[in-house]
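Residue numbers (our numbering), protein chains in the order written: chain A, -17 to 328; chain B, -17 to 328.
Remarks on the structure that follows.
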């Protein structure tokens, strides 16, 4: 690898891992070829959803994987262990698999890491598993030398089961968009620590498994819940863009309806980061048929993890694939980020 | 973290990731607590097997995970992509799940890595998947900054299905130990590149998915195949120790029967590394009832991937938990390595 090598676009950049358009291009251009044609009864890689689904008799087995590289490892409201469990459980849940059969945990550890740190992480993995009603069933441990890796990486994969898979592509004109709680908490909490921001309000990550919350919504909403996605990397903006594009609808979001905590709003102004473009780790976006929206919202709000749930938008046949923000004074396109160059927030 | 911090044993060392006794201690001491009691119908973390098994009706779903951190990324006979697929497929296969339902692939990439390298890796992932009759069904991409990660890490998880789970703990006195081919090829090929050894013979990694080979053995051996394990990190010595300890038998191995290629033998003498203690990535150890051993060996040898298969040892009631090497001149204990400090060979 010489430093006067290929042009810049021919090297992987931080944006390529940030959950936006750049990452999707990288995956489509490099990882997808040869895996486009899924077997029968499989929702696979080409669906570019939060996970895969494999038909087993009259049910679906849902499978997902995530690597977690957050820095710092411990942050207000959580740590890399809780993040790993919540991330994987929530990816299963938004595909409809709220019953988690088991999780894997693969740790890659930097040589010299104090074992006390591993013990703290393991404890929070255990607690998050208990909260999600599941367990680590198998794992892997690798150690890399100093200078080869900074800290620790956790990869978690998970399998769940359900009767109906909910994709992120099922929206129709008229459907309502519901978010299960406040926006931007995780990303802003991590960024504040990294920028050593001193804030008045409490800035805490929302990291939590929400399979129980989604289960409560599905019990009430049934097949009226037509699409789900968790707005992690790239935030709500990226997630809605993906849903709108895949569903061939336009989405209009009302800014006044967006649940954003005061502390997050302040930090976002200080840091110049839009809360719609930063990761959430305990939230989901639901697309719901108009006649079921009020009941689903009610069910969410009666759940301890869904008190701040809100209907934030609606789907239209016009402007398919785009997301429009209604500010109250006018409307503007919420462009899809190429991928914010924010390393290691999840 | 001050440099005059905790005593050395309280920090993670390279040995802790090398597949030997040190790694098992780390896992038992830190990762296992709280996950000892498996749910009913689940073979979970406490079994410390190559994967987990979950009962689904009258069948078993087998789940496994592995991270791959090999350096160099490309080595004689393969690369990190082929290694990842083979490693995960073989972990499923040695638990009896030779039919692979799907694999996940999570890539963690260093910023600046040329995309041509990713394309080469993806191609070999695709080829290895085709060879194993499976596919990548979902994935994840993260990018870490320069100085945070050296190169690329792949994590692959996999699910498979079978009617009967084969554990690594099912050996009885009298059972024969069969290895499916030559020993030490992968580890020695990688170490030779890293030491820039110039050798006469061809030193090539054995990395390949062998679910088809194991399926051929199971078709002939049936329930007469009572234990399986793939001798990756820590090599045959570690794998046999684990099988002997869990099965409460002693294992005697005949040195003269061990299939070791001439090039591996030469390299092992030059480098001072025992071929029994270094990783294989396309081999399995089978414990077979004495009356089925000849037929299983025959089935293996008639398969293109099993031509060098050999019966290498036998199980005894005496010296439970130990492995003895019969050199032809006498017998000596094959001690379990604490974990060779060989970073990044798989």
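The beta carbon of each residue, even a glycine, is placed where N, CA and C say it ideally should be.
{"Asked": "Please specify which runs of the beta strand (DSSP E), each continuous and at least 3 residues long, are wholly inside the region 34 to 102 of chain A, giving them in chain order.", "Found": "34 to 38, 41 to 50, 81 to 92"}
{"Asked": "Can you list the residues of chain B that residue 123/A reaches, using a CB-CB cut of under 8 Å?", "Found": "-2, -1, 5, 8, 9, 13"}
{"Asked": "Name the one or two DSSP bridge partners that residue 242/B has.", "Found": "Paired residue(s): none; residue 242/B is not in a bridge."}
{"Asked": "Could you please tell me which residues of the region 186 to 216 of chain B, in chain order, have their CB closer than 8 Å to any CB of chain A?", "Found": "none"}
{"Asked": "Just checking: is the beta-carbon of residue -16/B within a distance shorter than 8 Å of some beta-carbon in chain A?", "Found": "With a pLDDT of only 42 at residue -16/B, under 50, the local geometry of the prediction cannot be trusted, and no value is derived from it."}
{"Asked": "What residue does the alpha helix (DSSP H) around residue 174/B start on, and which one ends it?", "Found": "167 to 176"}
{"Asked": "Three-state secondary structure (DSSP) at residue 252/A?", "Found": "helix"}
{"Asked": "Show which residues of chain A have a CB atom less than 7 Å away from the CB atom of residue 256/B.", "Found": "Correct list: empty, because the minimum Cβ distance to chain A is about 21 Å."}
{"Asked": "Which chain A residues are close to residue 97/B, counting only those with a beta carbon under 7 Å from its beta carbon?", "Found": "-8, -7, -6, 12"}
{"Asked": "Identify every residue that forms a DSSP beta bridge with residue 229/B.", "Found": "The partner list for residue 229/B (beta bridge, DSSP) is empty, contrary to what the question assumes."}
{"Asked": "Could you tell me if residue 86/A is buried or exposed, where buried requires 16 or more neighbouring beta carbons within 10 angstroms of its beta carbon?", "Found": "buried"}
{"Asked": "Any beta-carbon of chain A closer than 8 Å to the one on residue 48/B?", "Found": "yes"}
{"Asked": "Below 7 Å CB to CB, which residues in the same chain sit around residue 19/B once its five sequence neighbours on both sides are set aside?", "Found": "none"}
{"Asked": "What are the uninterrupted segments assigned as alpha helix (DSSP H) that are 4 or more residues long and contained completely in the region 263 to 303 of chain B, given in chain order?", "Found": "275 to 283"}
{"Asked": "Count Cβ pairs between the region 271 to 291 of chain A and the region 205 to 213 of chain A that sit closer than 8 Å; are there 3 or more?", "Found": "yes"}
{"Asked": "Give me the chain D residues within the contact set of residue 34/B, using Cβ-Cβ distance strictly less than 7 Å, ordered along the chain.", "Found": "Reference to chain D is not applicable here, since the protein chains of this structure are A and B."}
{"Asked": "Give a yes or no on contact between the region 110 to 123 of chain B and the region 39 to 52 of chain B, applying the rule of three or more CB pairs nearer than 8 Å.", "Found": "no"}
{"Asked": "Would you mind telling me which residues of chain A sit closer than 7 Å to residue 27/B, beta carbon to beta carbon, in chain order?", "Found": "118, 119, 120, 121"}
{"Asked": "Give me the Cα-Cα distance between residue -12/A and residue 138/B, rounded to the nearest whole angstrom.", "Found": "Because the pLDDT at residue -12/A is just 44, under 50, the model does not fix this residue reliably, and the value given afterwards should be weighed accordingly. Whole-angstrom Cα-Cα distance: 29 Å."}
{"Asked": "Under 9 Å Cβ-Cβ, which residues of chain A neighbour residue 132/B?", "Found": "126, 127, 129, 130, 131"}
{"Asked": "Is the region 254 to 268 of chain A close to the region 129 to 143 of chain A, with three or more CB pairs under 8 Å?", "Found": "no"}
{"Asked": "Taking 8 Å as the cut-off, decide whether the C-beta atoms of residue 356/A and residue 170/A are in contact.", "Found": "Any answer about residue 356/A is impossible in this case: the structure gives chain A only from -17 up to 328."}
{"Asked": "Mind listing the chain A neighbours of residue 172/B? Cutoff is C-beta to C-beta under 8 Å, in chain order.", "Found": "Chain A residues near residue 172/B: none, gap ~15 Å exceeds 8 Å."}
{"Asked": "CA-CA distance, residue 165/A and residue 256/A?", "Found": "10 Å"}
{"Asked": "Which of the three DSSP states, helix, strand or coil, is assigned to residue 29/B?", "Found": "helix"}
{"Asked": "Looking at the strands, I want to know which residues DSSP matches up with residue 209/B.", "Found": "269/B"}
{"Asked": "Sorry if obvious, but does the Cβ on residue 66/A come closer than 7 Å to a heavy atom of the ligand NAP?", "Found": "No copy of the ligand NAP occurs in the structure displayed, which carries no ligand at all."}
{"Asked": "At a Cβ threshold of 8 Å, is residue 37/A touching chain B?", "Found": "no"}
{"Asked": "When DSSP builds the beta bridges, which residues end up paired with residue 307/A?", "Found": "235/A, 314/A"}
{"Asked": "Closer than 7 Å by beta-carbon distance: list the chain A residues that pair up with residue 16/B, in chain order.", "Found": "108"}
{"Asked": "With distances taken Cα to Cα, identify the nearest neighbour of residue -4/B among 39/A, 274/A, 91/A.", "Found": "91/A"}
{"Asked": "Since residue 24/A and residue 84/B should fall inside the 8 Å C-beta cutoff, what is the C-beta to C-beta distance between them, to a whole number of angstroms?", "Found": "7 Å"}
{"Asked": "Comparing C-alpha positions only, which one of 254/B, 293/B, 229/B, 238/B sits nearest to residue 313/B?", "Found": "238/B"}
{"Asked": "Decide if the region 97 to 111 of chain A is in contact with the region 144 to 162 of chain A; the criterion is three or more beta carbon pairs, one per stretch, under 8 Å apart.", "Found": "no"}
{"Asked": "So that I know if they touch, is there some Cβ in chain A lying closer than 8 Å to that of residue 45/B?", "Found": "yes"}
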